[in-house]
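Engineer:
In our numbering, the protein residues as written are 2 to 321.
#1: Please go through the same chain and pick out, in chain order, the residues whose beta-carbon is closer than 6 angstroms to the beta-carbon of residue 1, but skip the five residues on each side of it.
#2: Taking the beta strand (DSSP E) that residue 20 falls in, what are its first and last residues?
#3: By Cβ distance below 6 angstroms, which residues in the same chain neighbour residue 294 in space, the five residues on each side in sequence not counted?
#4: Span of the beta strand (DSSP E) holding residue 101?
#5: Let me check understanding here. Comparing Cα to Cα, which of 148, 244, 165 lies closest to residue 206?
#6: What is the DSSP secondary structure of residue 182, counted as helix, strand or coil?
#7: Starting from residue 205, follow the alpha helix (DSSP H) in both directions and report where the run begins and ends.
#8: Output yes or no for whether 8 angstroms exceeds the beta carbon distance between residue 121 and residue 148.
#9: Which class does residue 172 belong to by DSSP, given the choice of helix, strand or coil?
#10: Note down, one range per segment and in chain order, each alpha helix (DSSP H) of at least 4 residues found wholly within the region 91-127.
#11: Confirm, please, whether the CB-CB distance from residue 309 to residue 56 is below 8 angstroms.
#12: Once DSSP output is grouped into helix, strand and coil, what is the label at residue 196?
#13: By a C-beta neighbour count over all protein chains shown, 10 Å radius and 16 as the cutoff for buried, is residue 272 buried or exposed?
#14: Quick check on the DSSP output: the alpha helix (DSSP H) that includes residue 154 runs from which residue to which?
#15: Taking three-plus beta-carbon pairs below 8 angstroms as touching, is the region 229-245 in contact with the region 172-186?
#16: Mapping DSSP to helix, strand and coil, what is residue 310?
#17: Beta-carbon separation of residue 145 and residue 170 under 8 angstroms?
#18: Under a Cβ-count criterion, where at least 16 other Cβ atoms within 10 Å of its own Cβ denotes burial, should residue 188 be classed as buried or exposed?
#19: So, with DSSP's three-state summary, where would you put residue 324?
#20: Using only CA atoms, which one of 102, 72, 201 lies nearest to residue 153?
#21: For the alpha helix (DSSP H) that residue 85 lies in, which residues bound it at each end?
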């Protein structure tokens with residue numbers, strides 16, 4: 002399917018054969034500093050998320066559905082950032098900042114698909130917490146193995162039709178003479194600035210994207226936490242309320258980081274900031290969630306902390 006879409010774009014593309022990713026070229030004296038900072042951040046993202054994956058696989062105490070979804074979230078975030086950061090690092094070191102037509106289309110497609118997968122996966126994790134707190138006696142029946150795998154697969158697949166449609170529509174548009182993208186990756190707003198003619202259809206599909214891939218998952222998260230909050234309020238003991246809330250507080254913080262960083266860009270009127278400002282704001286929703294989410298779960302979840310200690314002690318005992 003991806004081959005068919007990309008082939009159709011090469012057959013219908015305009016005279017633009019490649020794009021020039023300007024990235025942070027406006028700050029030539031700081032490109033080395035940017036490279037060191039983003040390389041360090043990328044390595045931290047990989048290490049943190051790989052550790053979450055290993056710990057939740059190895060420690061049998063972390064074999065329940067919540068940690069299966071957390072492991073899946075770490076996989077999504079590794080893919081999400083790996084679509085963007087390595088190319089950004091290469092551009093910071095290289096004088097040749099060109100990116101082929103197909104590479105740009107592929108990057109945007111994978112960025113949109115992984116971003117949509119994270120939106121739906123966060124909704125699935127909220128439903129998991131709802132089932133655990135509001136339906137504790139039926140939790141393992143509701144969140145059985147088949148259901149967990151099905152929900153993760155659905156999270157990946159749900160956004161593909163809309164995202165592919167948006168990609169094809171953008172890359173079959175007629176681009177003007179300029180091929181300079183004032184961004185560090187192939188993002189929709191930056192590319193639409195290069196399109197000659199009416200982009201209203203792109204904007205309509207973007208609205209559908211927001212509703213389907215952001216508003217619906219966020220609404221499901223909101224409804225889940227309304228039910229969770231109602232259930233927690235009915236718990237008679239303060240200690241019981243604290244334990245119930247602690248099981249979902251990490252996820253709630255992750256949702257705030259992810260949606261808060263995204264809304265800082267997409268819900269801010271374009272007239273309020275320049276393209277350069279938008280470029281820096283984009284760092285928040287492309288990098289910040291993947292960097293902070295493992296830390297949030299590691300610092301606030303005692304079971305994850307215990308799993309990390311077990312893995313560390315096993316590693317050091319093997320190397321003695």
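A virtual CB, placed ideally from N, CA and C, is assigned to each residue, including glycine.
Structural biologist: So, from the data block:
#1: An answer regarding residue 1 cannot be provided, because it is not within the stretch 2 to 321 covered by the chain.
#2: 19-22
#3: Its chain contains 255 as the residues whose beta carbon lies nearer than 6 angstroms to that of residue 294, once the 5 sequence neighbours on both sides are disregarded; these appear in chain order.
#4: 99-101
#5: Out of 148, 244, 165, 165 has the C-alpha closest to the C-alpha of residue 206.
#6: strand
#7: 201-210
#8: No, the pair does not count as a contact, with Cβ atoms beyond the cut-off.
#9: helix
#10: none
#11: yes
#12: Strand, per DSSP.
#13: Any reading at residue 272 needs caution, since the residue's pLDDT is 45, under 50, leaving its predicted position unreliable; the model's value is listed next. Counting Cβ neighbours within 10 Å, residue 272 comes out exposed, since fewer than 16 surround it.
#14: 146-158
#15: no
#16: helix
#17: No.
#18: buried
#19: As shown, the chain starts at 2 and ends at 321. That puts residue 324 outside it, with no answer to give.
#20: Closest in C-alpha terms to residue 153, from the list 102, 72, 201, comes 72.
#21: Note, residue 85: premise wrong, no alpha helix (DSSP H); not H, not E.
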